[in-house]
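This note's numbering puts the first residue of the sequence shown at 522, with every later residue one more than the last. Take a look at the structure below.
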Amino acid sequence: MTSNFAIVGAQHVAAPRGILQVSEGATKKEEKPRKFQAIRGTRDILPPETTLWNRVEQTAHEVFATFGLGEIRPPIFEATELFARGVGSETDIVSKEMYTFVDRSEKLEPQPLIGSMDVFLQRVKQLYKSGEIPQDEIGLELVEKQWKKVNDLLKGASSIESGAIEIYELIMLFEALRLGGDVSLRPEATASVCRAYIEHNMQQLPQPVKLYYMGPMFRRERPQKGRYRQFYQIGAEVLGGPDAPAIDAEVIEMVMTYFAKLELQGVELSINSIGDKNCRPKYVELLRAELQRVKGKLGADSQRRIETNPLRVLDSKVESEQPIIEKLPRIADHLCEDCATHYAAVKRQLELRGVIYRENWRLVRGLDYYMRTTFEITAAGLGSQNAVCGGGRYDGLVELLGGPPTKGIGFAIGEDRLILSLQESGKAPAQQGRDVYIAWMGDKAHATAIRAAKDLRAAGFSVELPPIEQKFGKALGQADKLGARYALILGDNEVSEGLWSLKTLADGSQQKLTEPDLLQFLREQKPVSS
Ligand code: HAM
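Have a look at this one:
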């Protein structure tokens, strides 16, 4: 049966603000095009700052490789359910801060459905086969029941017009069923790495599997210094193998080695153990009971957390709550024997590695998957958002996400904060300089300059070759502004003599060199880009 119901929506698309509508009459006042700004909580990272970002990332690649880690690049968005289950649906991150949307692909929008009903049905079939329409109860209902409805509709349609309207309604129904499912921009990457571990059967590889990642994460938090809505993390996860305390200690040693290599200032490591499923629930109940007794003295947030997650009360920064929290029972006194032994061994292992730490019994972290070891690292120059790295052990997470029982531990560094701290302590390059600025005049000199630029760049030097002729005075001024170390001066004389003038901009000295001598001389100097 071929049915040609054309669905032509009378769509009126308003012209975007600021677009000139000249054709509507010359009398209309011209609007200024809207100026766009990066969305609140996001920002552009510009040169020369990007040079520092690259150095920080390159150093991570190098240091992590010396510990035997390989890089993983998970997608930026995943099923919302993954984060709800992994990070915890009651956490702030999942309940308040995720960027979630319905990924409906492009296929079921009403506009493109101009054509035959068969084409439409064919598409629905394809979508179901490819898994785009979930192959679960909702999907089945769609394809089996709605399919029938489509057919009935087709049979019963009295005229093309009424059929078109009913099919349009049907499409709306499909849309209402949220085809494609909920997805979220990743607020963190641990859940994604565990998902990938399961999906790619990594438990069959030699264990533990050691992975690291870097890239943007998204949380709808209140933006402030060191806190953004799109921010960047450099993280690592060690999955599988035993839960030996030496693994916890080596992971921490690695991040401390990395920070030392970057000469990060004011680095302080805090550690804690938050127990496991044997001892933590009992401690949480004890804590809840104690908190109930002092409830009246606590603020609204902490009062709410007595029910939802009493451990998070320990995180509170509210001044008036501090003396109350200090008197609460401490988890270290309530660890089961296995957890206590594990924690003591982690500390010993850190000492063997010369890693200096501070114990902080209130370090509970804001994600649900942690057990036993938790840690956080702070650095100088960051104000109130001074945690530059957070991590811990999460032995049950892979299982929770449908995988085999698997141990796990990892951390994530806030790259934006790491960069801020390095900048505050003067570790940032001031400007992305050039090795050589080529000041040329005349057509012959231009040809030589193009060749010289090519040769110097091939030798690894950063070269600025002006696209148009400039007077030498102006060219030297420009070279200075760009922070060039040398100006190579090429005029007709230099080209015909085969002796090129090289000016050292720092002291103004000048020398004449043949082409091979120039290359030799520069090679003996260090390129700025290295
Ligand atoms: P997290 O503590 O939520 O842990 O984040 C780790 C680090 O990311 C923080 O210490 C901070 O430096 C940075 N960070 C978090 N939110 C922001 C933000 N809005 N703006 C700037 N920086 C931010 C996790 O994400 C866990 N996945 C870490 C982990 C890996 N645990 C085990 N494996």
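The beta-carbon is built from N, C-alpha and C at its ideal position, and this holds for glycine as well. None of the values given here were measured: they were computed from a predicted structure.
Mapping the DSSP letters down to three states, classify residue i as helix, strand or coil.
| i | result |
| --- | --- |
| Met777 | helix |
| Ser983 | coil |
| Pro505 | This structure leaves residue 505 out entirely; the chain is present only between 522 and 1051. |
| Thr580 | helix |
| Ile468 | The structure shown does not extend to residue 468, since the chain is modelled only from 522 through 1051, so no value can be given for it. |
| Thr612 | coil |
| Pro844 | helix |
| Gly923 | coil |
| Val623 | strand |
| Asp889 | coil |
| Ala900 | coil |
| Asp1072 | What is shown of the chain runs 522 to 1051, which leaves residue 1072 out entirely. |
| Pro744 | coil |
| Gln824 | helix |
| Gln751 | strand |
Would the beta-carbon of residue i fall within 8 Å of that of residue j?
| i | j | result |
| --- | --- | --- |
| Ala973 | Asp1013 | no |
| Glu936 | Met619 | no |
| Leu939 | Leu785 | yes |
| Ile719 | Gly902 | no |
| Ala933 | Glu709 | yes |
| Thr899 | Arg886 | no |
| Asp956 | Leu1043 | yes |
| Tyr779 | Gly756 | no |
| Asn504 | Asn793 | Coverage of the chain is limited to positions 522 through 1051, which leaves residue 504 absent and any answer about it impossible. |
| Ile1072 | Asp769 | Missing from the structure shown is residue 1072; the chain here goes from 522 to 1051 and no further. |
| Gly609 | Asp889 | yes |
| Leu1040 | Trp1021 | no |
| Lys818 | Ile827 | no |
| Ala908 | Glu920 | no |
Could you check the C-alpha separation between residue i and residue j for me, to the nearest Å?
| i | j | result |
| --- | --- | --- |
| Pro763 | Lys928 | 7 Å |
| Val839 | Tyr958 | 56 Å |
| Thr969 | Ala1027 | 25 Å |
| Thr571 | Glu578 | 10 Å |
| Ala979 | Phe585 | 30 Å |
| Trp574 | Cys800 | 42 Å |
| Leu790 | Val623 | 40 Å |
| Val543 | Glu552 | Reliability of the predicted coordinates at Val543 is poor, the pLDDT of 45 falling under 50, and no value is obtained from them. |
| Gly947 | Leu1003 | 20 Å |
| Gln725 | Glu758 | 17 Å |
| Lys798 | Gln558 | 48 Å |
| Ile681 | Lys650 | With a pLDDT of only 46 at Ile681, under 50, the local geometry of the prediction cannot be trusted, and the value read off the model is given with reservation. Near 29 Å, if we compare the C-alpha coordinates of Lys650 and Ile681. |
| Leu849 | Tyr804 | 11 Å |
| Gln751 | Ile560 | 10 Å |
| Ala911 | Arg740 | The question names Ala, but residue 911 in the sequence shown is Gly. Spanning the two alpha carbons is a distance of roughly 16 Å. |
| Lys556 | Lys992 | 37 Å |
| Ala996 | Arg576 | 30 Å |
| Glu945 | Pro595 | 31 Å |
| Glu990 | Lys975 | 18 Å |
| Pro568 | Ala949 | 11 Å |
| Arg564 | Gly1019 | 49 Å |
| Leu808 | Leu918 | 24 Å |
| Gly998 | Ala717 | 54 Å |
| Ile593 | Arg851 | 37 Å |
Please go through the same chain and pick out, in chain order, the residues whose beta-carbon is closer than 7 Å to the beta-carbon of residue i, but skip the five residues on each side of it.
| i | result |
| --- | --- |
| Glu611 | Thr829, Asn830 |
| Pro766 | His863, Ala866, Val867, Gln870 |
| Asp1001 | Leu1026 |
| Lys1054 | What the structure shows of the chain is the stretch from 522 to 1051, and residue 1054 is not part of that stretch, so it cannot be assessed. |
| Ile566 | Trp574 |
| Arg699 | Any answer about Arg699 is weak, because its pLDDT of 46 lies below 50 and its placement is not dependable; what the coordinates show is given next. Result list for Arg699: Val623, in chain order. |
| Asp1038 | none |
| Met962 | Glu990, Phe993, Gly1012 |
Hey, residue i and residue j are a contact pair by Cβ (cut 8 Å); roughly how many whole angstroms apart?
| i | j | result |
| --- | --- | --- |
| Tyr915 | Tyr891 | 6 Å |
| Arg707 | Ile795 | Wrong, their Cβ atoms sit about 24 Å apart, outside the cutoff. |
| Ala810 | Asp703 | Actually they do not touch by this definition, with Cβ atoms about 37 Å apart. |
| Leu1009 | Ala960 | 7 Å |
| Leu760 | Pro729 | 6 Å |
| Ser713 | Thr621 | Their Cβ separation, rounded to whole angstroms, is 15 Å, which puts Ser713 and Thr621 out of contact at 8 Å. |
| Lys731 | Leu590 | 4 Å |
Quick one: what's got a C-beta closer than 6 Å to residue i's C-beta in the same chain, skipping five residues either side?
| i | result |
| --- | --- |
| Arg748 | Glu742, Gln906 |
| Phe588 | Met775 |
| Gly787 | Ala900, Ala901 |
Apart from the five residues just before and just after residue i, which ones in its own chain have a Cβ nearer than 8 Å to its Cβ?
| i | result |
| --- | --- |
| Ile971 | Leu986 |
| Gly820 | Ser837, Val839, Ser841, Glu842 |
| Arg1006 | Gly954, Arg955, Asp956, Val957, Thr1025, Leu1026, Ala1027, Gln1046, Val1049 |
| Ile1118 | Residue 1118 falls outside the range modelled here, since the chain spans only 522 to 1051, and no answer is possible. |
| Val615 | Phe604, Ala605, Val608, Gly609, Pro708 |
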